[in-house]
Every structure is written in C-alpha cells, then in structure tokens.
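Letter 280 of the sequence shown, counting from 1, is numbered 384 in our numbering, and no numbers are missing. In what follows, a single structure is set out as structure tokens and then discussed.
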Amino acid sequence: MHNGSSLLEFTQAECTRLGFDDDLAGVIADISSACAAISKLVRHGKLAGNFAAERGTNIQDEAQKELDFLANDILIDHADRGGHLIAVASEEMEESLAFSPHKADEKARGNYLLVFDPLDGSSNIEVNGPVGTIFSVLRAPNGARGLDAEFLQPGTNQLCAGYVLYGTSTEMVVTFGKGIAVFTLDSDDDLFKATDHRLIIDDDTSEYGINASNQRFWEAPVQRYISEILAGKDGPRGRDFNMRWAGAMVADVHRVLSRGGLFTYPIDEKIRAKGGRLRLMYEANPMSMIMEQAGGLASTGYGRIMEIMPSDLHQRVPVILGAKNEVQRLIDYHSAT
Ligand code: F6P
Numbered sequence: 105m106h107n108g109s110s111l112l113e114f115t116q117a118e119c120t121r122l123g124f125d126d127d128l129a130g131v132i133a134d135i136s137s138a139c140a141a142i143s144k145l146v147r148h149g150k151l152a153g154n155f156a157a158e159r160g161t162n163i164q165d166e167a168q169k170e171l172d173f174l175a176n177d178i179l180i181d182h183a184d185r186g187g188h189l190i191a192v193a194s195e196e197m198e199e200s201l202a203f204s205p206h207k208a209d210e211k212a213r214g215n216y217l218l219v220f221d222p223l224d225g226s227s228n229i230e231v232n233g234p235v236g237t238i239f240s241v242l243r244a245p246n247g248a249r250g251l252d253a254e255f256l257q258p259g260t261n262q263l264c265a266g267y268v269l270y271g272t273s274t275e276m277v278v279t280f281g282k283g284i285a286v287f288t289l290d291s292d293d294d295l296f297k298a299t300d301h302r303l304i305i306d307d308d309t310s311e312y313g314i315n316a317s318n319q320r321f322w323e324a325p326v327q328r329y330i331s332e333i334l335a336g337k338d339g340p341r342g343r344d345f346n347m348r349w350a351g352a353m354v355a356d357v358h359r360v361l362s363r364g365g366l367f368t369y370p371i372d373e374k375i376r377a378k379g380g381r382l383r384l385m386y387e388a389n390p391m392s393m394i395m396e397q398a399g400g401l402a403s404t405g406y407g408r409i410m411e412i413m414p415s416d417l418h419q420r421v422p423v424i425l426g427a428k429n430e431v432q433r434l435i436d437y438h439s440a441t
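So this is what it looks like as structure tokens:
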C-alpha cells in the first residue's frame, strides 16, 4: 500500500530537515527518473533486444552486458541534464566523467559527486533474475573538477546512498544518514511512492547468504563461522540456519533488510590479490550506510567498511553485513585468529 509521500516529497523534506541544498534533492530526482527508465527497459526484457549480449570487459576484466551499457548511459544522461552534479563515476567506466560547466547564463552545477553501479548482478539478466542499481552521493571538494581523486572519500562522507531493486516490483531504498526509507515505483506515473517496509534489521537471525562454492578458499574465521552454522541444532549454535544467495548484491541485501540475515562476500585465497569481490565505492559503501542506518553492521571482518580510505575508484573489499549480533560474531572470529 502506498502510504502517503512520494520519493520527491520525502527527499525535499529530508534536505530541508538536514540542511542540504536543493541540488542534493535534484540529484535524487535525477537518479529516480533514470531508474524508472532503466526499470522500463528491464521490464521489456527480450522484447527490447538481447540485454545479455556481451559487449566487452570492464576495467576489472568482467564481462559487460548490453544492459550494463544501456543503464550506464541512462544514468549519465539524466545526471548530466539535471545539472546537480560536477561529475559521476561508474563501475562501467575506468575513470570518472566530469560534466562540462553550464554556460554563463545558466545556474552553476551542484557541488556533488555521484558514484554508481548501474546494473548490479548482470549475470542474472540471462536467467530473468533480479538486478539492481546502487548509488552513493558525495560532496565535491571546493573547486572540484571531477577528477578521480576527488571521489576518493571514505564511506562516512556519503551524504546519501541507496539502491533500486528491479525484482517482482521496482523498489528504492534510500538513506540520508538518518534512518532508511523505502519506495515502490508506480509504473502508471513513473514515480517512486513510499510503501510499508521494515526499517530496522533484527539483531539476531538464522539466515545467511554466501557463495559456498568458494568454501575451500575461505580464511579460517569464515570456515569456522559457516561450519558451526551448518552443524545446525546439534552444533555449537544450537539451531538450524537457512541459506539464500540471489547472486546480485542488491537482491541479497534487500532480503536481509526485508527479513533479517547476514550477507557476506569474504576475502578468500582466489580473490586475495584483488582485495575482495565487491567494490568499495559503489557497492560496499552505499550498502554499509543503509545497513548501519537500519541498525545492522557492515565490516570487512577486520574493520568498519565505511572507514576505509579508498585508494582507487574500483577498489574491492571483503564484505560482511546485516544482523548486528551475527556480523559481530564473525568479526570476533576474525579477531580471535
Ligand atoms: O557486482 C558483483 C556481484 O554481481 C554482486 O552483485 C554479487 O553479490 C556477486 O557479484 C556475486 O558473485 P558470484 O558470482 O561469485 O556469486
């Protein structure tokens, strides 16, 4: 049930309440219109073409699908036209993209930077599974020109973060650092409207998500944590757990937000040289902000994700997030080794 305000009304109210200028509200309006367009495209599926067709590899040597490019272009187009951002950075682009300054007679661009993963979980495209968009908004330093270095700020600097899940319905979760809010896209008028959702994650859970095919590469603390869970009622945890893995971070995080749980993509021997699987600036940081704002925790196992000082736009990190007591237990196992 739609319970009152639209995303745009909510954003305006939050920006006024928290003392942010209209440009920040404008950034969210641009993201929401872009995501409504992406949603429309996703919903057309194969009728609109072969979204799963590979069109190359990104900076991280991962296959880029047609829909990755389309979603990226849509976000860039809306962000540029809106005029509220100095620059954007994306999973799909090696370097950040600075927007050209507005002409002298136009309003100056807003002093913000936007980082996004335009289409998270794109391996789900070919199986008609859930995909998403993840975003993070940072303040541009004074005199910013949209250089990569200006984006390299810790997650604690995020002014706003969120994601859009293109699932059975299209939902947006957003935070300005004072709790979270959830909206559903109304396909009749392309507006995101507030809908009922759990806004707090329970401290305890009996559900977790991990790609178990990497088990032989995990470090000792993760081996211990998962083996104790798998032992179920008869093991040290004294209860049975359930496992879920959608293969798209947006969908897995949304499940944690919806019914509790722990989600992890830990460091393992296979990906050690890369630093982890998930990207800090446009996956781990925004999701960590949402988790923390919902009362959960987000850690690498060795420290709080949002306190990492990024050294690269596409830096990867280990991720453990969700229910406070479960994440803390896994952190404790890391400290104990
Ligand atoms: O962006 C990376 C990503 O697609 C995440 O959305 C997801 O959590 C993860 O990779 C899935 O990884 P794997 O294919 O190893 O299960």
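For each residue, glycine too, the CB sits at the ideal point set by N, CA and C. Every value quoted in this text rests on a predicted model; they were computed, and no experiment measured them.
Rounded straight-line distance, which links the Cα of Arg341 to that of Ala175: Position 71 of the sequence shown, counted from the first residue, corresponds to residue 175. Position 237 of the sequence shown, counted from the first residue, corresponds to residue 341. Cα-Cα distance, rounded: 43 Å.
Run of the beta strand (DSSP E) containing Ala167, from where it starts to where it stops: Residue 167 sits at position 63 when you count from the first residue of the sequence shown. Counting along the chain, the beta strand (DSSP E) containing Ala167 begins and ends at Ala167 to Lys169.
Close-in-space but distant-in-sequence residues of the same chain around Val278 (CB under 6 Å, 5 per side omitted): Counting from 1 along the sequence shown, the entry for residue 278 is found at position 174. Only Gly266 and Ala285 meet the Cβ criterion.
6 Å Cβ shell around Gly339 - same chain, five flanking residues per side excluded: Here residue 339 refers to the residue found at position 235 of the sequence shown. Excluding sequence neighbours, Gly339 sits near Glu332.
Euclidean distance between Cα positions of Gln419 and Tyr386: In the sequence shown, the residue the question calls residue 419 occupies position 315. In the sequence shown, the residue the question calls residue 386 occupies position 282. In a straight line, the C-alpha of Gln419 is about 10 Å away from that of Tyr386.
Ala298, enclosing beta strand (DSSP E) - first and last residue: Taking the sequence shown and counting its residues from 1, the one referred to as residue 298 is at position 194. Leu295 to Thr299 is the extent of the beta strand (DSSP E) around Ala298.
Sub-7 Å separation of Leu256 and Val241 beta-carbons: As a first step, residue 256 is located in the sequence shown; it is residue number 152 there, counting from the start. As a first step, residue 241 is located in the sequence shown; it is residue number 137 there, counting from the start. In this structure, Val241 does not lie closer than 7 Å to Leu256 by Cβ.
Per-residue burial, Asn315 [other beta carbons within 10 Å of its own, 16 or more giving buried]: Residue mapping note: residue 315 aligns to position 211 of the sequence shown, counting from 1. Counting Cβ neighbours within 10 Å, Asn315 comes out exposed, since fewer than 16 surround it.
Same chain, Cβ closer than 7 Å to Asp172, neighbours up to 5 away in sequence not counted: Here residue 172 refers to the residue found at position 68 when the sequence shown is read from its first residue. So the list reads Glu196, Pro222, Leu223 and Ser226, once near-sequence residues are dropped.
For Met410, three-class secondary structure by DSSP: As a position in the sequence shown, residue 410 is number 306, starting the count at 1. Of the three classes helix, strand and coil, the one that applies to Met410 here is helix, per DSSP.
Where the beta strand (DSSP E) through Ala265 begins and ends: As a working mapping, residue 265 is identified with position 161 in the sequence shown. Here the beta strand (DSSP E) through Ala265 covers Cys264 to Tyr270.
Neighbour-count burial assignment, Leu122, 16 or more Cβ in a 10 Å radius: Sequence index remark: in the sequence shown, residue 122 carries index 18 (1-based). That one is exposed.
Ala352 beta carbon near ligand 1 (any heavy atom closer than 6 Å): Start at 1 with the first residue of the sequence shown, and residue 352 comes out as number 248. Answer for Ala352: yes, Cβ within range of ligand 1.
C-alpha distance - Ile304 paired with Gly400, whole-angstrom precision: Working through the sequence shown from its first residue, we reach residue 304 at position 200. Working through the sequence shown from its first residue, we reach residue 400 at position 296. Taking the straight line joining both Cα atoms gives about 8 Å.
Pairwise C-alpha distance: Leu425 and Met410: The residue you call residue 410 lines up with position 306 of the sequence shown. The residue you call residue 425 lines up with position 321 of the sequence shown. Between Met410 and Leu425, the C-alpha separation is close to 12 Å.
First through last residue of the beta strand (DSSP E) which encompasses Tyr216: Locating residue 216 in the sequence shown gives position 112, counting from the first residue. Note, Tyr216: beta strand (DSSP E), Tyr216 to Asp224.
Gly225: CB within 6 Å of a non-hydrogen atom of ligand 1: As a first step, residue 225 must be located in the sequence shown, where it is residue number 121. Result yes, Cβ under 6 Å from ligand 1.
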